[in-house]
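Here the sequence shown stands for residues 2 to 415, numbered as in the numbering used here.
The C-beta atom is built at its ideal place from N, Cα and C for all residues, glycine as well.
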Amino acid sequence: MSANISLNAVIIGAGPAGLMAAEQLARHNILVTIFDAMPSVGRKFLRAGIGGLNLTHSENKSDFLKRYTPVHQIEPWLKRFDADALISWAKELGIDTFVGSSGRIFPMQKKAAPLLRAWLKRLKDSGVNIETRHRWLGWDEHGNLRFQNSEGELTVRSEVVIFALGGGSWPRLGSDGRWMEIFRQRGINCQPFRSSNCGFNYSWSDNFQREQQGQPLKNVCLTSQISSKKGDATISAYGLEGSLIYGLSASIQDQISNKGQAIVYWDLLPDRSVTDIRGKLQNRRSKDSLSNMLRKQLGISGSKLALLKELTSKEQMQNIDALAELIKNLPQILPSCRPISEAISTAGGVDFEQLTEGLMLKSAPGIFCVGEMLDWDAPTGGYLLTACFASGVVAGEAAVKYLSQRSKTIGTSN
Ligand SMILES: Cc1cc2nc3c(=O)[nH]c(=O)nc-3n(C[C@H](O)[C@H](O)[C@H](O)COP(=O)(O)OP(=O)(O)OC[C@H]3O[C@@H](n4cnc5c(N)ncnc54)[C@H](O)[C@@H]3O)c2cc1C
Numbered sequence: 002m003s004a005n006i007s008l009n010a011v012i013i014g015a016g017p018a019g020l021m022a023a024e025q026l027a028r029h030n031i032l033v034t035i036f037d038a039m040p041s042v043g044r045k046f047l048r049a050g051i052g053g054l055n056l057t058h059s060e061n062k063s064d065f066l067k068r069y070t071p072v073h074q075i076e077p078w079l080k081r082f083d084a085d086a087l088i089s090w091a092k093e094l095g096i097d098t099f100v101g102s103s104g105r106i107f108p109m110q111k112k113a114a115p116l117l118r119a120w121l122k123r124l125k126d127s128g129v130n131i132e133t134r135h136r137w138l139g140w141d142e143h144g145n146l147r148f149q150n151s152e153g154e155l156t157v158r159s160e161v162v163i164f165a166l167g168g169g170s171w172p173r174l175g176s177d178g179r180w181m182e183i184f185r186q187r188g189i190n191c192q193p194f195r196s197s198n199c200g201f202n203y204s205w206s207d208n209f210q211r212e213q214q215g216q217p218l219k220n221v222c223l224t225s226q227i228s229s230k231k232g233d234a235t236i237s238a239y240g241l242e243g244s245l246i247y248g249l250s251a252s253i254q255d256q257i258s259n260k261g262q263a264i265v266y267w268d269l270l271p272d273r274s275v276t277d278i279r280g281k282l283q284n285r286r287s288k289d290s291l292s293n294m295l296r297k298q299l300g301i302s303g304s305k306l307a308l309l310k311e312l313t314s315k316e317q318m319q320n321i322d323a324l325a326e327l328i329k330n331l332p333q334i335l336p337s338c339r340p341i342s343e344a345i346s347t348a349g350g351v352d353f354e355q356l357t358e359g360l361m362l363k364s365a366p367g368i369f370c371v372g373e374m375l376d377w378d379a380p381t382g383g384y385l386l387t388a389c390f391a392s393g394v395v396a397g398e399a400a401v402k403y404l405s406q407r408s409k410t411i412g413t414s415n
């Protein structure tokens, strides 16, 4: 059976990775059609804009690269399209960026919509066709792509197909991860999805939860196994979230899957030594309450003080030596992580062993995969979007090369 439509190049998934792949093809005057299941494109990208759209990071190239697992798979992408290239690309679209105090890079307006609007206009002007409300269902027995749209089923044949279907978190924004089962049925190896950059559950006391939910824990250090990070976390009704927690989420999850729970250790005063803290505690004046003393002498107040009291017994609070140690090394047991649907991103996805350097499936020439649907991981900080964009550039360029080699081969054989 022939397909309803025959096309040169098809992208499935209109997130940052898919749109970037489309741009590379369009630059070479190749007609591209992008299909997306949702009524509008780039929904997760727009959602990222609510947090200010952390596009990339300003740290040096070597530290930047170390954020990725597996590093050796992501390195060639970043050699082709790195943070500087991303900043220039945004500038070409009329979007200036700035470096925040943490080194993270944001668009001046701290929103995704202006960038996406300018980008979509440029793509449309260069001939890219976008079909929303087209859900990819799999392949038919002839290898044609099957789509569900409002009128029924559509089959499409294309010389090049770039899958950019996203990971498995926030399914209501489109990336529901249902593609993984279809890929597996075709014999394409995929690693199961795991929450990444996710929050953790903890059963706070009623008072603590009522008074502290939504409060930040600023300038603290957290240790899980051998990993320690300094930064800010947020107390939530369910437990803990925020960039510091996300940055350690892989290690915390490792503990939970190996031991059934994770122990993490807070350092509430990372810039002070235990001796210094003990000294201050010993000099407490008798008329000062402990809370007052902690606030005045050590700057432990608000949510930090509440956390210290929540995780410490009354006896420990009264014992100066124990308290000094606990301020520097306060244990908390985390029983479980939040559901995958709430994670900022997911690890797992198409196995790199299945792919060429140009991100084409070795078993299916002409089919490429990009973005978060591949099995890599990175913390928040702009690293996720940078790699998604970069993978779109790499696969888009490889697809251009593939089409040009194919047309030469067909030309020679005619
Ligand atoms: C709340 C939140 C905040 C974030 N903030 C940041 C940030 O500030 N910085 C950062 O670097 N990263 C951030 N991220 C992560 C970043 O948004 C993602 O890593 C990125 O969007 C992934 O891009 P992608 O193109 O691979 O996939 P997605 O953006 O997930 O796009 C996949 C597309 O595929 C479509 N699709 C899926 N299945 C089908 C199907 N069967 N048929 C047709 N279409 C389909 C979906 O509708 C979707 O449009 C954030 C994520 C979340 C959830």
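My assumption, with CB atoms under 8 Å, is that residue i sits in contact with residue j. Please give the rounded CB distance.
i: V33; j: I12; result: 6 Å
i: S127; j: A27; result: 4 Å
i: L218; j: L308; result: 7 Å
i: L56; j: A91; result: 7 Å
i: G382; j: A22; result: Actually they do not touch by this definition, with Cβ atoms about 23 Å apart.
i: S93; j: G397; result: Before going further, note that residue 93 is Glu rather than Ser in the sequence given. So it is not a contact: roughly 16 Å between Cβ atoms.
i: T347; j: R179; result: In fact, because the Cβ distance is near 13 Å, the residues do not count as touching under 8 Å.
i: N190; j: Q355; result: 6 Å
i: G350; j: D376; result: 5 Å
i: L8; j: V157; result: 6 Å
i: A10; j: A400; result: 7 Å
Where do the N-terminal and C-terminal ends of the alpha helix (DSSP H) with residue i fall, by residue?
i: R81; result: 72-81
i: W267; result: Premise fails: W267 lies in the beta strand (DSSP E), 263-268, not in any alpha helix (DSSP H).
i: V275; result: 275-283
i: N208; result: 207-213
i: I1; result: This structure cannot settle anything about residue 1, because the visible part of the chain is limited to 2 through 415.
i: K297; result: 291-299
i: A250; result: Correcting the residue type first, residue 250 is Ser in the shown sequence and not Ala. Looking at the DSSP string, the run of the alpha helix (DSSP H) that includes S250 is 250-260.
i: K92; result: 84-93
i: W180; result: 180-186
i: D1; result: Since the first and last residues shown for the chain are 2 and 415, residue 1 lies out of range.
i: L174; result: It is not in any alpha helix (DSSP H) - L174 carries neither H nor E in the DSSP assignment.
Provide the residue span of the beta strand (DSSP E) that contains residue i, from first to last.
i: T133; result: Careful: T133 lies outside any beta strand (DSSP E) and carries neither H nor E.
i: V351; result: 346-351
i: V162; result: 153-164
i: I334; result: 331-335
i: P108; result: 105-108
i: I368; result: 368-370
i: T357; result: Here T357 belongs to no beta strand (DSSP E), and DSSP marks it neither H nor E.
i: T98; result: 98-100
Which one or two residues does DSSP pair with residue i in a beta bridge?
i: I231; result: Note that residue 231 corresponds to Lys in the displayed sequence, not to Ile. Looking at the DSSP assignment, K231 forms a beta bridge with C222.
i: F36; result: I13, E132
i: C191; result: V351
i: G240; result: N202
i: Q149; result: R136, E154
i: D272; result: Its beta-bridge partners do not exist; DSSP assigns none.
i: D378; result: T70
i: L8; result: S159
i: S197; result: S346
i: C338; result: F201
i: T57; result: I106
i: P217; result: T235
Less than 7 Å between the C-beta atoms of residue i and residue j, yes or no?
i: L335; j: F164; result: no
i: E373; j: G168; result: yes
i: F107; j: L54; result: yes
i: C199; j: P271; result: no
i: I278; j: P332; result: no
i: R147; j: P40; result: no
i: L79; j: A344; result: no
i: A119; j: G95; result: yes
i: Q237; j: Q214; result: Strictly speaking, residue 237 in this sequence is Ser, with Gln absent from that position. A contact, by the Cβ cut-off of 7 Å.
i: I1; j: S225; result: The structure shown has nothing for residue 1, since the chain only spans 2 to 415.
i: L245; j: D233; result: yes
i: L291; j: T313; result: no
i: R48; j: L166; result: no
i: D255; j: K329; result: no
i: L386; j: A379; result: no
i: V162; j: I368; result: yes
i: I51; j: I131; result: no
i: I75; j: A365; result: no
i: K281; j: L306; result: no
i: S342; j: P172; result: yes
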